[in-house]
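Participant: Here my numbering runs 725 ahead of the position in the sequence shown, where the first position is 1.
Idealized CB from N, CA, C, for every residue including glycine.
One structure, as structure tokens, below. Some questions next.
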Amino acid sequence: MEKSPIFIVGCDRSGTTLLRLMLIQSPILHIPQESMFVYLLEREPENYGDLTYPYQRWFLIRDLQTNPATPESFTFPIFNLTLEEAERAIFEITPTHVSGAIEALFKASASKLNKQRWGDKSPRHVKYIPLLAESFPHAKFVHIIRDGRDVAISIRKAKWVSNNMQEAATYWKQRVQAGRLGGSTLSKDRYYEVYYEQLVYEPEKTLKELCQWLNLDYTAQMLEYYKGAQDRISEQHKSLFQLIDQPIDPSRVSAWKRSLSALEIADFESVAGDLLVELGYEITGLKIPLRVQAIRTLRNNLGPLSYKLRRFFSKI
């Protein structure tokens, strides 16, 4: 039985949650909610040692608990482990390193559900594929990609960026490029790209191809991911996934055509149009009007001057 870990990565709001909910319908695969543990790997080994001693394990467990993705408590809601279970899982494999301890926690979490394979779904891990690949040498990486203009609508609605569409374009472009660059360092049997649009338009075909690559048996239940989906979303994230308990809706694809103004589209494409084309998406070719460019240039140039004038007159 294939037991290699599976990392689902991608820019936020690109479909990582949808893909996770589909894949965990497998009777053998467990993917908890977002862990975002990668920062612990960057600190090893000087912070935790070989985890032989209880105090070393306690420091690691404490840092996982105080991760922004994890409530500060004496349980692991993400892993569904008690403090004692977490300590025992790490102790049983010591001496080990941080990645070994983290894998032990994932395995213990999967074991509680009688599942034999584990995975992780943390969008921001898209920027750390090389580090994760080195730390988990048998892991496979699934990078889900979505039209950045649709992503921009979603992350702006979530208030993760300002209303500035160029800022949203930069956010998307940096993450997608980081994922592809990291993936380019891996062999084809370790890195796989799936497009959100393909998953929505042809879910069965797309999932079957992905499952074949993952050496994971496809099940029809993967298409019924939405049944009870709200129970598999953390409380703090439920407001972002209000439609997750409904079947796939193809109308969500290319929502930018209905929701973005011509100027907003031009702003996005001025920053990330080249990447859209590289990924196979069509662009409109809309340009930022010269009048708008002139006003923005004037505003940017006057900004520092205006600040200096206000400071000058405040001293008079």
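Quick check on this structure: which residue in Thr821, Ile854, Ile1013 has the alpha carbon closest to the alpha carbon of Ser909?
Facilitator: When each option's Cα is compared against that of Ser909, the closest is Ile854.
Participant: With distances taken from CA atoms, which of Pro757, Phe784, Leu1004 is nearest Trp680?
Facilitator: With the chain covering 726 to 1041 only, the question about residue 680 has no answer from this structure.
Participant: Among the candidates Pro928, Trp938, Gln758, Val886, whose CA atom is the shortest distance from the CA of Ala864?
Facilitator: Trp938
Participant: Once the 5 residues before and after Gln923 are set aside, which same chain residues still bring their CB inside 6 Å of it?
Facilitator: Close CB contacts of Gln923 within its chain, under the 6 Å cut and outside five residues either way in sequence, are with Thr931 (chain order).
Participant: On the DSSP letters alone, give me the boundaries of the alpha helix (DSSP H) that Lys837 sits inside.
Facilitator: 823-837
Participant: Counting pairs of beta carbons, one from the segment 830-843 and one from the segment 871-879, are three or more of them closer than 8 Å?
Facilitator: no
Participant: Name the residue from Leu748, His822, Trp783 whose alpha carbon lies nearest to the alpha carbon of Glu810.
Facilitator: Trp783
Participant: Starting from Tyr896 and walking both ways along the alpha helix (DSSP H), at which residues does that stretch end?
Facilitator: 890-908
Participant: Could you tell me how far apart the beta carbons of Leu766 and Ser824 are, in whole angstroms, since I believe they sit closer than 8 Å?
Facilitator: 6 Å
Participant: Assign Thr819 to one of three DSSP states: helix, strand, or coil.
Facilitator: coil
Participant: Beta-carbon within less than 7 Å of Glu943's beta-carbon, same chain only, minus the 5 sequence neighbours each way: which residues are those?
Facilitator: Position check: residue 943 holds Tyr in this sequence, whereas Glu was assumed. Leu932, Lys933, Cys936, listed in sequence order.
Participant: Would you mind stating whether Val886 and Val734 have Cβ atoms separated by less than 7 Å?
Facilitator: no
Participant: Should Leu941 and Ser751 be called a contact, given that it needs their Cβ atoms to be closer than 7 Å?
Facilitator: Yes, the Cβ-Cβ distance between Leu941 and Ser751 is below 7 Å.
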